[in-house]
Amino acid sequence: MTGTLHKQRKVQVQWDTKEYFCCLGKRNFGLQEPFEASMLQGFPPIELSQYLLPADATRGGVIANPFVVTDIKDRIILWFLPGVFTPSRQDAIRKATDGLKSALSKPKQATGWRTNASYYKSDANGSVLNSPEDLVRAMPSPRRWDGPVRQWLCDSETSFKLVDALLATVHPKLHRRSSAVRKQLLADEEITDLHELIKAWPTVFTAI
Numbered sequence: 001m002t003g004t005l006h007k008q009r010k011v012q013v014q015w016d017t018k019e020y021f022c023c024l025g026k027r028n029f030g031l032q033e034p035f036e037a038s039m040l041q042g043f044p045p046i047e048l049s050q051y052l053l054p055a056d057a058t059r060g061g062v063i064a065n066p067f068v069v070t071d072i073k074d075r076i077i078l079w080f081l082p083g084v085f086t087p088s089r090q091d092a093i094r095k096a097t098d099g100l101k102s103a104l105s106k107p108k109q110a111t112g113w114r115t116n117a118s119y120y121k122s123d124a125n126g127s128v129l130n131s132p133e134d135l136v137r138a139m140p141s142p143r144r145w146d147g148p149v150r151q152w153l154c155d156s157e158t159s160f161k162l163v164d165a166l167l168a169t170v171h172p173k174l175h176r177r178s179s180a181v182r183k184q185l186l187a188d189e190e191i192t193d194l195h196e197l198i199k200a201w202p203t204v205f206t207a208i
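Per full-length UniProt numbering, the sequence shown starts with residue 1, numbered consecutively.
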């Protein structure tokens with residue numbers, strides 16, 4: 001999207017997030033095209049063009065000022081905070097993620113939703129997951145947390161702390177609840193085999 005955002009700092013969608021989540025349900029994973037189409041029709045995305053002025057040539061047409069996206073009841077859906085991470089921090093994140101390629105490679109002769117082709121993209125080194133976030137969805141077993149994944153966690157520790165600090169600032173309630181979930185999982189004696197992995201995960205952001 002080109003241009004710069006108008007002085008108004010809030011962009012609002014015309015639907016209710018609670019209604020959205022009720023319609024979304026608990027077991028939708030983004031691979032059901034008819035359902036996705038119906039959700040898109042019922043909960044259309046924002047048209048940023050109505051909030052933007054003509055492109056600012058000095059900024060190269062990039063949105064450079066922060067804003068929030070809210071639902072029709074003023075619940076915040078998105079914080080847009082450009083420039084929060086310095087170029088050097090962004091470079092560090094990219095370098096750390098590059099080390100994940102071997103762990104994100106699609107297992108050979110494997111079937112099932114965890115190895116669905118839509119989670120992967122072609123790469124010079126074969127098929128790799130679209131993003132580190134898909135590691136959570138496609139991870140076939142805990143053993144893949146060894147080696148490159150643990151190194152990625154180590155190299156990303158500072159970046160994760162920065163993201164956690166951002167969450168604590170913009171959404172303290174969510175930060176507290178996410179922290180509470182981690183403590184609850186570590187107290188659950190039925191999943192003691194996963195406690196090592198939970199302790200190794202250095203951020204309140206999870207797929208739970």
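Where a beta carbon is used, it is the ideal one built from N, C-alpha and C, also for glycine.
Same chain, Cβ closer than 8 Å to residue i, five either side skipped, listed in chain order
i	result
Lys-199	Leu-186
Asp-155	Ala-92, Lys-95, Ala-96, Gly-99
Phe-80	Ile-63, Pro-66, Phe-67, Val-68, Val-69
Leu-174	Leu-167
Gln-41	none
Cβ-based burial, residue i [other Cβ within 10 Å; buried from 16]
i	result
Leu-167	buried
Ala-64	exposed
Val-204	buried
Contacting residues, own chain, Cβ-Cβ under 7 Å from residue i (five flanking each side not counted)
i	result
Pro-148	Gly-99, Leu-100, Ser-102, Ala-103
Straight-line gap, residue i to residue j (C-alpha atoms, nearest Å)
i	j	result
Pro-66	Thr-192	42 Å
Gln-184	Lys-73	31 Å
Glu-19	Pro-44	13 Å
Thr-17	Ala-165	25 Å
His-195	Ser-178	16 Å
His-171	Arg-150	28 Å
Gly-83	Ser-159	14 Å
Phe-85	Thr-169	15 Å
Ala-138	Ala-180	Summary for Ala-138: the model assigns pLDDT 44, below 50, so the residue's position carries little reliability; its value from the coordinates is reported in the next sentence. Looking at the two C-alpha atoms, the distance is approximately 25 Å.
Leu-48	Glu-190	47 Å
Thr-206	Asp-188	17 Å
Trp-15	Arg-176	27 Å
Gln-32	Gln-90	33 Å
Whole-angstrom C-beta distance between residue j and residue i, which should lie under 8 Å
i	j	result
Val-69	Val-11	5 Å
Pro-202	Glu-157	5 Å
Cys-23	Met-39	7 Å
Cβ shell of residue i (< 6 Å), same chain only, five flanking positions each side left out
i	result
residue 213	With the chain running from 1 to 208 in the structure shown, residue 213 is simply not present.
Gly-25	none
Trp-152	Ala-96, Gly-99, Leu-100
Val-13	Ile-46, Asp-71
Arg-9	Phe-67
Leu-78	Val-69
Original post:
Considering only residues of the region 155 to 207, which uninterrupted alpha helix (DSSP H) runs meet the minimum length of 4 residues and lie entirely inside it, listed in chain order?
Top reply: 157 to 170, 172 to 186, 195 to 200
Subject >> Ranges of the beta strand (DSSP E) found wholly within the region 15 to 49, counting only runs of at least 3 >> reply: none
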